[in-house]
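Q: Encoded as C-alpha cells, here's the structure I'll be asking about.
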Amino acid sequence: MKKLLLIAIVVFAPLQAWAVDVERVVSPGGIEAWLVQDHSNPVVSMRLAFEGGSELDPSGKSGLSNLAASTMDEGAGDLDSQTFQQILADQSITLRFEAGLDRFSGQVKTLTENLDQSFDLLRLALTQPRFDEEPVARLKSQIIAGIRADSEDPGKLAYDALFAAFFPAHGYGRDSNGTAESVKALGPDDLRGFVKTHLARANLIVGVVGDVSPERLGLLLDKAFGALPDKPSVERGGDIAPQATGSLQVIERNIPQSTIVFGHGGLKRDDPDYYAALVMNHILGGGSFTSRLYDEVREKRGLAYSVGSSFYPLDHAGLVVGSAATENARVSETIDVIRAEWARMAAGDVSTAELKDAKTYISGAFPLTFTSTGAIARVLVAMQLNKLGIDYLDKRKDYIGAVSLADVKRVAAKYLHPDLLDIVVVGKPAGVVPHS
Amino acid sequence: MYNGVFAKLDWVLMTKLVRRFCASIALLAILWGGQALAGVFNPETFTLQNGLQVVVLPNHRAPVVMQMVWYKAGSADEPAGKSGLAHLLEHLMFKGTPKHPNGEFSKILAQHGGQENAFTTFDYTGYHQTVASDRLEMVMELEADRMTNLVLSPEDVSTERAVVLEERNQRIDNKPGARLREQANQKLYPHNHPYARPIIGWRDELAALTREDALAFYKDHYAPDNAILVIAGDVEVADVKRLAEKYYGPIPARGVAARAVLVNDAPITGGETVLRDARVRQASWSQSIIQPSLSNGTPKRVAALEVLSEILGGGGTSRLYRSLVIKQALAVSAGTYYDQSARGDGRFAFYASPRPGVSLDQLAQAVRVETRRLMDEGLKPTELARIKKRMLADAIFSRDAMKTGAWTIGGALAAGHTIEDVEAWPERIQAVTEQDVHNALKAVLDEPRRITTKLLQNGNGDGQGEGA
Numbered sequence: 044m045k046k047l048l049l050i051a052i053v054v055f056a057p058l059q060a061w062a063v064d065v066e067r068v069v070s071p072g073g074i075e076a077w078l079v080q081d082h083s084n085p086v087v088s089m090r091l092a093f094e095g096g097s098e099l100d101p102s103g104k105s106g107l108s109n110l111a112a113s114t115m116d117e118g119a120g121d122l123d124s125q126t127f128q129q130i131l132a133d134q135s136i137t138l139r140f141e142a143g144l145d146r147f148s149g150q151v152k153t154l155t156e157n158l159d160q161s162f163d164l165l166r167l168a169l170t171q172p173r174f175d176e177e178p179v180a181r182l183k184s185q186i187i188a189g190i191r192a193d194s195e196d197p198g199k200l201a202y203d204a205l206f207a208a209f210f211p212a213h214g215y216g217r218d219s220n221g222t223a224e225s226v227k228a229l230g231p232d233d234l235r236g237f238v239k240t241h242l243a244r245a246n247l248i249v250g251v252v253g254d255v256s257p258e259r260l261g262l263l264l265d266k267a268f269g270a271l272p273d274k275p276s277v278e279r280g281g282d283i284a285p286q287a288t289g290s291l292q293v294i295e296r297n298i299p300q301s302t303i304v305f306g307h308g309g310l311k312r313d314d315p316d317y318y319a320a321l322v323m324n325h326i327l328g329g330g331s332f333t334s335r336l337y338d339e340v341r342e343k344r345g346l347a348y349s350v351g352s353s354f355y356p357l358d359h360a361g362l363v364v365g366s367a368a369t370e371n372a373r374v375s376e377t378i379d380v381i382r383a384e385w386a387r388m389a390a391g392d393v394s395t396a397e398l399k400d401a402k403t404y405i406s407g408a409f410p411l412t413f414t415s416t417g418a419i420a421r422v423l424v425a426m427q428l429n430k431l432g433i434d435y436l437d438k439r440k441d442y443i444g445a446v447s448l449a450d451v452k453r454v455a456a457k458y459l460h461p462d463l464l465d466i467v468v469v470g471k472p473a474g475v476v477p478h479s
Numbered sequence: 013m014y015n016g017v018f019a020k021l022d023w024v025l026m027t028k029l030v031r032r033f034c035a036s037i038a039l040l041a042i043l044w045g046g047q048a049l050a051g052v053f054n055p056e057t058f059t060l061q062n063g064l065q066v067v068v069l070p071n072h073r074a075p076v077v078m079q080m081v082w083y084k085a086g087s088a089d090e091p092a093g094k095s096g097l098a099h100l101l102e103h104l105m106f107k108g109t110p111k112h113p114n115g116e117f118s119k120i121l122a123q124h125g126g127q128e129n130a131f132t133t134f135d136y137t138g139y140h141q142t143v144a145s146d147r148l149e150m151v152m153e154l155e156a157d158r159m160t161n162l163v164l165s166p167e168d169v170s171t172e173r174a175v176v177l178e179e180r181n182q183r184i185d186n187k188p189g190a191r192l193r194e195q196a197n198q199k200l201y202p203h204n205h206p207y208a209r210p211i212i213g214w215r216d217e218l219a220a221l222t223r224e225d226a227l228a229f230y231k232d233h234y235a236p237d238n239a240i241l242v243i244a245g246d247v248e249v250a251d252v253k254r255l256a257e258k259y260y261g262p263i264p265a266r267g268v269a270a271r272a273v274l275v276n277d278a279p280i281t282g283g284e285t286v287l288r289d290a291r292v293r294q295a296s297w298s299q300s301i302i303q304p305s306l307s308n309g310t311p312k313r314v315a316a317l318e319v320l321s322e323i324l325g326g327g328g329t330s331r332l333y334r335s336l337v338i339k340q341a342l343a344v345s346a347g348t349y350y351d352q353s354a355r356g357d358g359r360f361a362f363y364a365s366p367r368p369g370v371s372l373d374q375l376a377q378a379v380r381v382e383t384r385r386l387m388d389e390g391l392k393p394t395e396l397a398r399i400k401k402r403m404l405a406d407a408i409f410s411r412d413a414m415k416t417g418a419w420t421i422g423g424a425l426a427a428g429h430t431i432e433d434v435e436a437w438p439e440r441i442q443a444v445t446e447q448d449v450h451n452a453l454k455a456v457l458d459e460p461r462r463i464t465t466k467l468l469q470n471g472n473g474d475g476q477g478e479g480a
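Chains as they are written, first to last, in this note's numbering: chain A, 44 to 479; chain B, 13 to 480.
Structure, rendered in C-alpha cells:
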C-alpha cells in the first residue's frame with residue numbers, strides 16, 4: 044500500500060440544510076484547498092485565484108494580466124499552442140484563466156479519469172508558459188478586436204467613464220482588457236515578467252468540488268502548485284477613496300435609447316456594515332423584480348426595461364453603482380426618479396415588512412446557486428478570499444438575520460448620498476445639462 | 013483562449029434580467045450538444061388526464077428544486093400583423109390573477125428567496141422558478157393559477173408595452189449587429205414565414221398591440237394540453253405526481269389543435285444583407301444556410317450536421333479556426349454553428365471576423381477554400397473519432413448542473429421532439445460515419461436558401477482598413 048504523507052487537516056462544517064460538507068485540505072507540501080466531495084458524477088471542478096488583478100498592471104501596460112490569462116493556455120513546456128489546445132479538446136478538459144480588477148483566476152473542469160493529466164497541464168501553464176510569437180500575436184489581435192467591438196457599446200462606454208471618474212489615477216479606473224494601444228505594445232517579456240512576479244503560493248486560493256478524495260486532492264495540489272514561488276514579488280497598494288462629486292456627464296451618441304449609469308462610494312466586503320448594506324440595497328435597487336427602483340422606474344412608469352443598483356466591494360475601495368436604459372426623451376425624468384428614491388431611502392423611509400422580505404430573500408436565494416460543481420467551487424474561493432470562515436454557509440443566515448431596521452436606516456443615511464451621485468449618460472438625452 | 017463572443021444569436025427573449033439572457037443562449041446552443049450513451053438524463057414522465065405532460069428529473073445534490081412550464085406557443089404562432097404578441101404576453105403573465113393580484117407572483121417568490129425568469133422563442137414560451145425544495149408546492153400553486161386565471165387591466169398592458177419598446181431599443185435598435193440579423197432573417201425566410209419576423213416584434217406592430225390581443229393569445233394557447241411541466245432537483249417522482257394532480261389536474265383541457273407544420277418551400281430572396289453604421293468598430297461576416305432540423309430531417313442527417321459543425325467550426329482546434337485565425341492570420345474569430353432544435357427548419361451558419369486590413373470577401377473566400385478542402389480531401393484518419401469522443405464526454409458534463417436536463421428536455425418537447433430524441437443522442441452521434449459527414453457537407457454547399465451578412469463601419473469599404 045502506498046504511504047500517504049498527507050497531513051489532512053480536515054475540518055467538517057456540516058450544513059444541515061445542505062448535503063454539502065466543506066473540508067479544509069492541506070497537501071503534503073502545505074498547499075491548502077477547500078473541498079466539497081460529490082461522487083455522484085465523474086466530474087471535478089476546481090477554481091483558483093491569485094490575489095491581485097489588473098489593478099496592478101503598470102500604467103502604460105494596462106491589459107497585461109488579461110493578455111497573460113489569454114495566452115497561458117496557449118502552449119507550455121514542450122507543448123506548443125496547438126498541441127496544448129488539442130490535448131485539452133481531445134480529453135474534454137476545461138482549463139482557462141481570467142483577469143479581474145482584484146484577482147487573477149483560473150478554472151479546471153475535467154472527467155475524473157483525466158484528473159492527473161489536467162493538473163499536469165495546469166502546472167505547465169502556471170510555471171512554464173511558452174508565450175510563443177504566433178499565439179501572443181493572435182491573442183493580441185483578438186483582444187484588440189474585442190476592445191474595438193465593445194468600444195461603442197453604450198453600457199461599456201458609460202461604465203468606463205464612471206470608473207475613470209471615480210479612479211482617475213488608479214488601476215481601478217482602467218478596464219482590465221486595456222486599450223488597443225496598450226495591448227499592442229505588450230510582448231512576451233512582459234508576460235514572462237507577469238507570471239514570475241504575480242503567481243505564488245502565498246496569494247493562491249483554491250476551491251474544489253466533485254469526484255475526488257481529500258488524499259488524492261492533496262497530491263494533485265502539490266503537482267499543480269508545488270513549483271510556484273513562495274511569495275509574489277509585486278506589492279498591492281492601500282485603500283483608495285473613489286472620487287464622486289455629483290457630476291453629470293453626457294457622451295453623445297446618435298441612438299434611440301440612452302444608457303444611464305450612476306454611483307458613488309460604498310463599503311468594502313470586510314466592513315461590519317456589509318450585511319446591513321446588502322439588505323438595504325436589496326430594498327432600494329438590488330431585488331431584481333421587487334426593488335423600489337424596479338417598481339418606480341419600470342412597473343409604475345414603464346420608463347425602462349432594466350434598472351437596478353448594487354454594492355460593489357473591491358479589495359481597496361467600496362462602491363455602490365447602478366444603471367438604467369430609457370428613451371432619450373425621458374432621461375431626465377428617470378434620473379429624477381432614481382435620485383428621489385436614493386433620497387427617500389437615505390432619509391430612513393423604510394418599513395419592517397420591507398426589511399423582513401429582503402432578509403428572507405437574501406437568505407433563501409444564496410443556496411439556490413449550489414447546483415453545479417463549478418458554481419460551488421466558485422463560492423469556496425470567495426469564502427476564502429473574503430475570510431468568511433469555513434462555517435460561513437451555516438452562519439450566513441444569522442448574519443442576515445441580525446440586521447435590524449435601525450441598522451438599515453443607519454447604513455442608508457451613512458452610505459447613500461443623492462447629491463454625490465456621479466451620473467454618466469450615453470445617448471442623445473433631451474434636456475439634460477452636463478455639469479461637473 | 014480568448015473568450016470574446018463574436019457570434020451572437022438573438023432568438024430568445026427573456027422578460028426580466030438581461031444578464032440571464034446570455035446564460036440561456038449558451039444552454040440553447042448546447043441543447044443537443046450536451047448529452048450520454050445509455051440515456052442522458054434518464055427522466056421520469058407521465059401525463060395528466062387534462063393532457064399536461066410532466067417530466068421529473070431527480071437530482072439530490074442540494075435541497076433545491078426548479079419548476080419550468082413550457083407552452084407550445086412562440087412568436088411563430090402569432091396572428092399576422094401582431095408580431096411581438098407572444099413575448100408581450102410573457103411579460104404580462106407577471107401581472108396577476110384574482111387570487112394573486114398586483115404582481116404578487118414575483119413578490120411571493122422573492123419573499124421565499126426564490127429566483128425566476130421567463131423567455132420567448134420562435135417556437136415556445138417558458139416560465140421557471142428555482143426555490144428551496146420545501147417550497148415546491150408554493151410555486152406549483154402559483155404557476156398553475158396563472159395558467160388559467162390571468163387578469164389584465166388596460167394600464168397593465170400600456171405600461172408593459174412601453175417597457176417592451178424600451179427592451180426593443182436596448183436589444184435591437186441600439187445594436188447594429190442585432191439590426192443586421194433582424195434584416196437578414198427577412199431574406200433567409202420567405203415573405204410571411206413566421207421566422208422572418210423578430211420575436212420582439214416590429215416596432216409599429218408592437219406599439220399597436222392591445223389587451224384584447226394578449227388575452228386572445230392567452231386563451232388560444234395557454235392550457236394544460238398545450239404545455240409541459242418539468243420539475244428538476246431535490247424531489248421524488250411520487251411527490252411531484254401528487255402535487256401536479258392537486259394544482260394542475262383541475263385545469264380543464266381546451267382541446268388546443270395540433271400545430272400546423274411549418275413549411276418553407278416558397279422562393280426566398282436570399283443574397284446578401286449589408287449594414288453599415290458609424291458605431292461598428294469591428295467588422296464581421298456570416299452566412300446562414302437553411303438545413304433540416306430534428307423536426308423535418310432524418311436523425312442521421314441531423315447528427316451528421318452536428319459532427320460537421322464541430323469539425324469545421326467548433327472552437328479553437330476546429331478546421332476554420334486553425335486555418336483562418338492561426339495559419340493564415342486573416343481573422344480574429346471563425347467558426348460555425350448548427351441549430352437543429354427548431355420546430356421548423358434548422359440553420360447551419362458560418363461566421364468570421366477579420367484582422368485589420370483584411371476584407372470580408374477575403375474571409376468569405378478563405379471559408380470557401382477550407383470547406384472545399386474538407387469536401388475534396390475528406391477527414392484525417394483520427395479526426396472523426398476524436399470529435400465524437402469529445403461530443404460524447406459533453407453528455408457527462410451535461411449532468412453536472414441540475415438545470416441542464418430541464419432546459420434540454422423542456423425545449424425538445426415544446427418544439428415537438430420527444431424524450432427519446434434527447435436520450436438517444438449519444439447513439440446517434442456514435443453512429444455517424446465519414447460518408448455521413450461528407451453527405452451533410454455536400455448538402456450544405458448545394459443548398460440555395462442562404463443569406464450572407466456583412467457588418468461594416470460606415471465609409472470603410474468592404475472591411476479594408478478596419479482598425480488601421
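In this text, a Cβ means the ideal position worked out from N, Cα and C, and glycines have one as well.
Nearest-angstrom Cα distance between A:L169 and A:D81?
A: Cα-Cα distance, rounded: 27 angstroms.
Q: What three-state label does DSSP hand B:G283 in the structure shown?
A: Looking at B:G283 - three-state DSSP - the assignment turns out to be strand.
Q: Does the beta carbon of B:I211 sit closer than 9 angstroms to a beta carbon anywhere in chain A?
A: no
Q: By the 10 Å Cβ neighbour count, where 16 or more other Cβ atoms means buried, how is B:M387 classified, buried or exposed?
A: exposed
Q: Taking all protein chains shown into account, decide if B:V68 is buried (16 or more other Cβ within 10 angstroms of its Cβ) or exposed.
A: Here B:V68 is buried, its C-beta having at least 16 other C-beta atoms within 10 Å.
Q: Around the Cβ of B:E389, are there at least 16 other Cβ atoms within 10 angstroms (buried) or fewer (exposed)?
A: Exposed.
Q: If I follow the unbroken alpha helix (DSSP H) through B:K466, where does it start and stop?
A: Here B:K466 belongs to no alpha helix (DSSP H); instead the beta strand (DSSP E) covers 462-469.
Q: B:Q195 CB to nearest chain A CB: under 9 angstroms?
A: no
Q: Tell me which residues share the same chain as A:L91 and place their Cβ nearer than 6 angstroms to its Cβ, disregarding the 5 neighbours each side in the sequence.
A: G149, V249
Q: Using the beta-carbon count (16 or more within 10 Å), is B:E435 buried or exposed?
A: buried
Q: Taking buried to mean at least 16 other C-beta atoms within 10 Å of its own C-beta, is A:E384 buried or exposed?
A: Classification of A:E384: buried, given that the 10 Å Cβ count is 16 or more.
Q: Could you give the residue range of the beta strand (DSSP E) that holds A:G106?
A: Premise fails: A:G106 is in no beta strand (DSSP E) and is neither H nor E.
Q: B:G422 by DSSP, collapsed to three states: which one?
A: helix
Q: What does B:I463 reach in chain A if we use C-beta pairs closer than 9 angstroms?
A: Near B:I463 there are no residues of chain A at all, since even the closest Cβ is about 22 angstroms away, more than 9 angstroms.
Q: Listing by chain order, which chain B residues have their CB less than 7 angstroms from the CB of A:Y184?
A: Looking at the sequence itself, residue 184 of chain A is Ser, so the reference to Tyr does not match. Those within 7 angstroms of A:S184 in chain B are V344, R367.
Q: Output the distance between the C-alpha atoms of B:A41 and B:T465, rounded to the nearest integer angstrom.
A: A caution first: B:A41 carries a pLDDT of 33, below 50, which makes its placement in the model unreliable, though a value can still be read off. Spanning the two alpha carbons is a distance of roughly 20 angstroms.
Q: Is it the case that the CB of A:A223 approaches a heavy atom of the ligand FAD more closely than 8 angstroms?
A: In the structure on display, the ligand FAD does not appear, and there are no ligands present to speak of.
Q: Please determine, among B:G347, B:T160, B:R331, the residue with the shortest C-alpha to C-alpha distance to B:P262.
A: B:T160
Q: Report the rounded CA-to-CA distance for B:L177 versus B:L97, giving the unit in angstroms.
A: 12 angstroms
Q: What separation, rounded to the nearest whole angstrom, lies between the Cα atoms of A:L11 and A:V238?
A: There is simply no residue 11 of chain A to check, as chain A begins at 44 and stops at 479 in what is shown.
Q: Less than 6 angstroms between C-beta atoms, sequence neighbours within five positions excluded: which residues of the same chain meet that for B:S482?
A: Residue coverage of chain B in this structure runs from 13 to 480, which leaves residue 482 of chain B outside it and unanswerable.
Q: Does chain A have any CB closer than 9 angstroms to the CB of B:V81?
A: no
Q: May I have the straight-line CA-CA distance separating A:D196 from A:G417, to the nearest angstrom?
A: 30 angstroms
Q: For B:A174, would you say it is in contact with chain A, using Cβ-to-Cβ distances shorter than 9 angstroms as the test?
A: yes
Q: Along chain B, in chain order, which residues have C-beta atoms closer than 7 angstroms to that of A:S83?
A: R73
Q: Give me the residue from A:I130, A:L247, A:A111 with the minimum Cα distance to A:R181.
A: Here the closest residue by C-alpha is A:A111.
Q: Kindly indicate if chain B contains any beta-carbon less than 9 angstroms away from that of A:S353.
A: no
Q: Looking only at its own chain, which residues have a Cβ that is under 8 angstroms from the Cβ of B:A226, when we skip the five neighbours before and after it?
A: L97, L100, L101, L104, L164, V169
Q: Hey, how far is the Cα of B:F33 from the Cα of B:N129?
A: Low confidence applies to B:F33: its pLDDT is 28, below 50, so where it sits in the model is not reliable, and the reading given next is rough at best. Straight-line Cα distance between these residues: approximately 10 angstroms.
Q: How would you list, in chain order, the residues of chain B whose beta-carbon sits under 9 angstroms from the beta-carbon of A:L154?
A: The answer, in chain order, is A405, I408, F409.
Q: Among B:T430, B:Q469, B:E446, whose alpha-carbon lies nearest the alpha-carbon of B:E56?
A: B:T430
Q: Would B:Q303 and B:D357 be called neighbours here (beta carbons separated by less than 9 angstroms)?
A: With respect to the 9 angstroms criterion, B:Q303 and B:D357 are classified as neighbours on the basis of their beta carbons.
Q: Please identify the residue among B:V314, B:Y333, B:P210, B:R334 whose C-alpha is closest to the C-alpha of B:E90.
A: B:P210
Q: Roughly how many angstroms lie between the CA atoms of A:F162 and A:G261, to the nearest whole one?
A: Rounded to whole angstroms, A:F162 to A:G261 spans 12 angstroms at the Cα level.
Q: If I'm right that A:L480 touches A:R312 with Cβ under 8 angstroms, what's the distance once you round it to whole angstroms?
A: One cannot answer for residue 480 of chain A here, as it falls past the ends of chain A, which runs 44 to 479.
Q: To the nearest angstrom, report how far apart B:S335 and B:Y363 are at their CA atoms.
A: 14 angstroms
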